[in-house]
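Working notes for the structure below.
Numbering (full-length UniProt numbering), first residue to last: 1 to 244.
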């Protein structure tokens with residue numbers, strides 16, 4: 001009798017445990033289903049906005065790879081936040097200041113980049129100096145943009161000193177008239193634009209007064225500074241002219 005009662009108790013315990021396990025599975029499944037439905041409902045009401053995919057430094061140019069989409073509840077969204085359809089309009093803009101990754105993209109964070117001009121070809125402490133030239137200085141049209149030249153002038157006439165040559169070597173030709181590429185000349189040019197350092201530009205202004213020659217240099221070769229050679233003077237002794 002006692003053994004039979006023990007067996008019945010064990011059976012009831014097994015049934016209770018099985019029922020508890022089944023109930024737990026049902027409850028867990030129900031909770032998961034409800035959570036998914038709530039998430040779907042919440043996701044359906046959320047809206048896509050444009051955010052930065054990485055940290056952006058001030059002055060960086062914005063690329064498409066720097067942008068991504070993220071959903072936010074409508075109550076979180078600011079009117080200034082840009083949407084995915086705005087991406088193509090802002091790509092190519094510059095950052096006005098540092099913005100961290102994940103931050104929503106706003107128009108005041110961006111600025112239009114400064115347009116690239118001819119002056120951007122200059123390094124710091126360089127000038128582009130334009131000079132009027134003749135056919136001889138152009139080497140009869142053989143001079144090309146990108147060539148390097150030496151500028152040679154008579155310093156005696158320019159500075160009222162002893163007769164000597166002033167030279168500036170390894171000067172790059174940036175433009176011929178308005179052409180800044182190496183295409184062949186289509187006519188007789190009238191101006192050259194040269195790349196000059198600050199010191200060379202000041203020196204050239206003295207050379208410009210007396211006229212100057214342009215010597216064409218071999219491409220890829222850096223020419224040494226030409227020493228200012230003292231010109232030879234010929235003197236006539238007094239009385240020789242009369243005796244002859």
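Ideal Cβ placement from N, Cα and C applies to all residues, glycine included.
A quick note: this is a predicted structure, and the numbers were derived from the prediction, not measured.
- Contact between the segment 172-187 and the segment 200-209 is absent: fewer than three C-beta pairs spanning the two stretches fall below 8 angstroms.
- A straight line joining the alpha-carbon of residue 148 with that of residue 217 spans about 6 angstroms.
- The C-alpha of residue 196 lies about 18 angstroms from the C-alpha of residue 137.
- By the neighbour-count definition (other C-beta atoms within 10 Å, threshold 16), residue 142 is an exposed residue.
- Per DSSP, residue 90 is one residue of the alpha helix (DSSP H) stretching across 87-90.
- Judged by DSSP in its simplified three-state form, residue 207 adopts helix.
- In its chain, beyond the 5 residues on either side, 150, 169, 170 and 217 have a beta carbon closer than 7 angstroms to the beta carbon of residue 223.
- Counting along the chain, residue 148 sits inside the beta strand (DSSP E) bounded by residues 148-154.
- In chain order, 48, 50 and 69 place their CB closer than 6 angstroms to the CB of residue 84, counting only its own chain and leaving out the 5 sequence neighbours on each side.
- A Cβ-Cβ separation of about 54 angstroms leaves residue 154 out of contact with residue 96 under the 8 angstroms criterion.
- In this structure, residue 64 and residue 26 do not form a Cβ contact; the two beta carbons are roughly 48 angstroms apart against a cut-off of 8 angstroms.
- In the DSSP assignment, residue 191 falls within the beta strand (DSSP E) that extends over 191-197.
- As DSSP reads the structure, residue 104 sits in a beta bridge with 51.
- Taking C-alpha positions only, residue 75 is separated from residue 81 by approximately 12 angstroms.
- Under the three-state reduction of DSSP, residue 30 is assigned to helix.
- For residue 129, the uninterrupted beta strand (DSSP E) segment begins and ends at 126-132.
- Residue 169 carries a strand assignment under DSSP once its states are collapsed to helix, strand and coil.
- Residue 33 counts as exposed, since fewer than 16 other beta carbons sit within 10 angstroms of its beta carbon.
- By the neighbour-count definition (other C-beta atoms within 10 Å, threshold 16), residue 98 is an exposed residue.
- The C-beta of residue 212 has 16 or more other C-beta atoms within 10 Å across all chains shown, which makes the residue buried.
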